[in-house]
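Once you know that position 305 of the sequence shown is 304 in numbering that gives the first Met the number 0, the rest is easy, because the numbers rise by one and skip nothing. Here is the structure we will look at, set down as structure tokens.
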Amino acid sequence: MTSKSTFALLSVFFGSALLLAQEKALTTPSIPGIVAAGTKVERIWTTTTTSADGLIASPVGTLLLPQQGASIISKVDKDGKLTVFLQDTNGTGGLAIDSMGRYISVERTVPRIRVLLPEPRKVLLDSYEGKPLEGASDIVADSKGGVYVTEGRKTPPTSAVYYINSSGRATRVISDVDRANGIQLSPDGKTLYIGDTSGQFLLAYDVQPDGSVTRRRNFAKLADGQQRGADGLTVDAAGRLYVATGIGVQVFTAEGQHLGTIPSPRQVTTVAFAGPDKKTFYFIGRGTDGSGGDGPNARSLYKVAMLVQGFKGRAK
């Protein structure tokens, strides 16, 4: 291990990861069938030295936590203890596990999409039509060995969604979203959801057999006064959609009806079900807790015991 990697790991595990500042106790409202009233929103980890994004469950249910600033992926046990799962990840901030068991990363230090496991590591996409990727964001795997990836470009400021099929061929399938960020598939794989960070609506598309998409539509409108800011997405076993927003995690039916919001003291960026039965819900909150606690660069990991089960047909 290099001295740089050693320093990063020491910073993560012996420094900021232990800084759990006092935070006002937070509990959930009742969302019938999803979470019971008064369930604790428990903070289990905080860092002020490295960013963290792209939560996902491993095949056995263990939560995986990409820490892009430290270029590592950690695994999180049921008690919130972190240990290193993968190193030298080139700033991975999004992760998918495809139907072939490959761990595919969205890398942000040098933007690219790459197979991290099994070895040897293989780049799937680092440019499109001669232009390098600039802002790779999120990823979800389908049941056919393909993945969908969101990207935000800086020059010019545009965004796109790419589909990389099982043979490695990349196609731009969406270019009509202002700022495509979080991405998710319905449990049956027939609907692709996009979190448009710039807009108030979550978007949905019909997935075609070749991985292309059609029939863009407004799927659901952010609630509780949120005008924009949708980020990470996940689904439960019944196809309900969970959306990271500035005030917490908004829950929608498969038809787009808002059911309620799991509160957060910080802006939520990424969400995932994990655990052996996928009945523990995790999310990361970014920045301060509203009273200035931990500072603007903090990332905090929370967990909530759920009544509902996450979709077990894929990692995310």
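Note that beta-carbon positions come from the ideal geometry of N, C-alpha and C, so glycine has one too.
Three or more pairs of CB atoms, one per stretch, sit closer than 8 Å, so the segment 119-137 contacts the segment 97-111. Taken in chain order, the complete beta strand (DSSP E) segments of 3 residues or longer contained in the segment 209-295 are 212-220, 232-234, 240-243, 247-251, 257-262, 266-273 and 279-285. Between the segment 232-239 and the segment 207-218, the count of C-beta pairs closer than 8 Å stays below three; the two stretches do not touch.
The continuous beta strand (DSSP E) containing Arg298 extends over residues Arg298 to Ala304. Rounded to the nearest angstrom, the gap between the Cα atoms of Phe251 and Gly32 is 13 Å. By the Cβ test, the segment 144-151 is not in contact with the segment 259-279, since fewer than three Cβ pairs between them sit closer than 8 Å. Cβ neighbours of Arg107 within its own chain (closer than 6 Å, five residues either side excluded): Gln67, Gly90 and Gly92. In the structure shown, Lys77 adopts coil according to DSSP, grouped into three states. Counting the other CB atoms within 10 Å of its CB gives Pro295 a total below 16, which places it among the exposed residues.
Beta-bridge partners of Val40 (DSSP): none assigned.
Inclusion of Gly245 and Gln225 in the CB contact set at 8 Å is warranted, their separation being smaller than that value.
If you draw a straight line from the Cα of Leu115 to the Cα of Pro155, it comes to about 30 Å.
Per DSSP, Arg168 has no beta bridge partner at all. Between the beta-carbon of Ala297 and that of Thr287 there is about 7 Å, and that keeps the pair under the 8 Å contact cut.
Residues Asp223, Gly247 and Gln249 of the same chain have their beta carbon placed closer than 6 Å to that of Thr260, with the five preceding and five following residues left out of the count. Just measuring C-alpha positions, the residue of Val267, Asn164 and Ser263 sitting nearest Gly194 is Val267. The C-alpha of Tyr192 lies about 29 Å from the C-alpha of Ile43. By the Cβ neighbour-count rule, Val59 is exposed, with fewer than 16 other Cβ atoms within 10 Å of its own. When secondary structure is reduced to three states using DSSP, Glu106 falls in the strand class. Looking at the DSSP output, Ala203 bridges to Tyr192 and Arg216. If the five residues before and after Ala159 are omitted, its C-beta is found closer than 6 Å to the C-beta atoms of Glu150, Arg171 and Ser174, all from its own chain and listed in chain order. Note on geometry: alpha-carbon atoms of Gln308 and Val34 lie some 10 Å from one another. When DSSP states are grouped into helix, strand and coil, Asn89 belongs to the coil group.
In the structure shown, Ala135 falls within a strand segment according to DSSP collapsed to helix, strand and coil. When DSSP states are grouped into helix, strand and coil, Ala95 belongs to the strand group. For Val122, the CB contacts under 7 Å within the same chain, skipping 5 residues up- and downstream, are Arg111 and Arg113 in chain order. Judged by DSSP in its simplified three-state form, Arg111 adopts strand.
Under the DSSP assignment, Val122 falls in the beta strand (DSSP E) whose first and last residues are Lys121 to Leu124. Bounds of the beta strand (DSSP E) holding Glu150 are Val146 to Gly151. With respect to the 8 Å criterion, Arg265 and Gly284 are classified as neighbours on the basis of their beta carbons. Assigned with DSSP and collapsed to three states, Ser158 falls in strand. In this structure, Ile71 places its C-beta atom within 8 Å of the C-beta atom of Val83. Your pair Phe218 and Leu201 checks out as a contact, with CB atoms roughly 5 Å apart and the cut at 8 Å.
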